[in-house]
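Take a look at the structure below.
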Amino acid sequence: MFIVFIVTLIIYVIASCYLKVRRGQRHCIQQENELLKKTIDGLLKENKMMESHNLFLQRLIPIPARAPSPGLVEST
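Just so you know, the sequence shown maps onto residues 57 to 132 in the numbering used here.
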């Protein structure tokens with residue numbers, strides 16, 4: 057009976073340690089996911105801001121169409 061108690065106690069300690077480790081890993085993964093979501097959201101906002109800035113600059117400074125350079129024109 058005492059041996060059964062000891063074995064049960066050992067199994068309980070091992071299981072509780074395993075669950076603590078799993079819970080800790082899950083918590084770290086959740087934190088990493090939240091950080092990645094915030095980073096992606098920030099990058100998307102920055103991308104939208106840069107697109108609007110580019111559109112503003114294109115309206116402000118129109119870029120004329122380039123004529124081909126004389127060196128690239130094929131002679132026949």
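All residues carry an ideal CB built from backbone N, CA and C; glycine is no exception.
Backbone CA spacing between residue i and residue j [nearest angstrom]
i	j	result
L75	I59	24 Å
C84	S108	36 Å
S68	R78	Here the sequence assigns Tyr to residue 68, which means Ser is not the residue at that position. Looking at the two C-alpha atoms, the distance is approximately 15 Å.
F112	Q81	46 Å
N110	K94	24 Å
E90	D97	11 Å
I66	M106	60 Å
L100	V63	55 Å
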